[in-house]
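The next block holds one structure in the form of structure tokens; read it before the comments.
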DNA sequence: CAAAAGAGTTAGCCTCGACTAACATTTGTA
DNA sequence: TACAAATGTTAGTCGAGGCTAACTCTTTTG
């Protein structure tokens, strides 16, 4: 493929994962992801978003045409789905423990970038098992009353 | 207390937590924490360590005398113990799930900075409950064989 | 006890990922 | 259709937290 620049990309950072996650979510819910939407969603400036989007384009994670819009590439969508999966899993797991919604959101937002594939699988299995143990879960939630 | 400068400190970053955690660990195991030891432990340069230590001193988290050595202040030690507790808890929890040691280390190192007090408490309770459920744990570990 | 080795420090630089201000383009509406 | 509003882009800056090179101080050792 002669036209493709390799673009020696840096390792995927937490920031990149955050962008991809929001972009996928916007596309899923609104059908598209504009710079202004991404900026609002991440609570950062539009300029920062433009900047990052150009970088993600250079790294082959999305296709971007100035003033026109963006689409995730296969690589970008795969990453986006992956981080979304981690986010959902952690949210489900912490919810099971009876934690406050705000706390869950905060902690998941931080932790989701640092959880390995095998840990994801283990937590999935644990979550599935715990769902069958209401008595155990009740005891866990009990001990956390003061929240 | 007239001699104390407030030093309008920034919020505690992951980097600061990492430094404090290592410093406390070095003090506990070797009795002291030199610049060179901290640098080796964190795998960063001595210059970076000197720099950060001066900042932690300015922020009142430790007492530092150039060329002489450092001691954690009460505030610094409290933070150090706190992050250490989170580290230990996450390690215990993930160990229970039968994950590989290296994966545990990696994930804990990332996640420990993002876990709220109430999540700590919930995970403590969960860990305690799980220890009484060998059959459940066996099923979780089973599903993760390929690791 | 001098000098080499080791430890610590300073100065200057770099990247990442934010920001604002100013400017460009596109879109919506009178 | 013209122009105002909305959206997008560029240029320049900043702070966090790394780095190396060069220097200083302390400790060890012949």
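Chains as they are written, first to last, in this note's numbering: chain P, 23 to 169; chain W, 23 to 169.
Ideal Cβ placement from N, Cα and C applies to all residues, glycine included.
In this text the structure is predicted, and so the values were computed from the model without any measurement.
Check	Outcome
Spatial distance of residue 102 of chain W from residue 90 of chain P (CA atoms)	49 Å
Segments of 3+ residues assigned as beta strand (DSSP E) that fall wholly inside the segment 120-162 of chain P	none
Near-chain P residues of the segment 142-155 of chain W - C-beta to any C-beta below 9 Å	143, 144, 145, 146, 147, 148, 150, 151, 152, 154 and 155
Short Cβ contact (8 Å threshold) for residue 134 of chain P with residue 105 of chain P	yes
3 or more residues per run - each beta strand (DSSP E) lying fully within the segment 52-126 of chain W	84-87 and 91-94
Status (buried if at least 16 other CB within 10 Å, exposed otherwise) for residue 58 of chain P	exposed
Neighbouring residues, chain W, relative to residue 57 of chain P (Cβ below 7 Å)	By Cβ distance, chain W contributes nothing, its closest Cβ being about 28 Å from residue 57 of chain P, past 7 Å.
Residue 86 of chain W versus residue 79 of chain W: straight-line alpha-carbon distance, rounded	6 Å
DSSP-derived helix/strand/coil call for residue 50 of chain W	helix
Below-8 Å beta-carbon distance, residue 138 of chain W vs any chain P residue	yes
Where residue 31 of chain P falls: helix, strand or coil (DSSP)	coil
Pick from W:76, W:108, W:83 and W:107 that is closest to residue 96 of chain W, judged by C-alpha positions	W:83
Partner residues on chain W for residue 161 of chain P, Cβ-Cβ distance less than 8 Å	147 and 151
Chain P within 8 Å of residue 38 of chain W, Cβ atoms only	no
Neighbour-count burial assignment, residue 73 of chain P, 16 or more Cβ in a 10 Å radius	exposed
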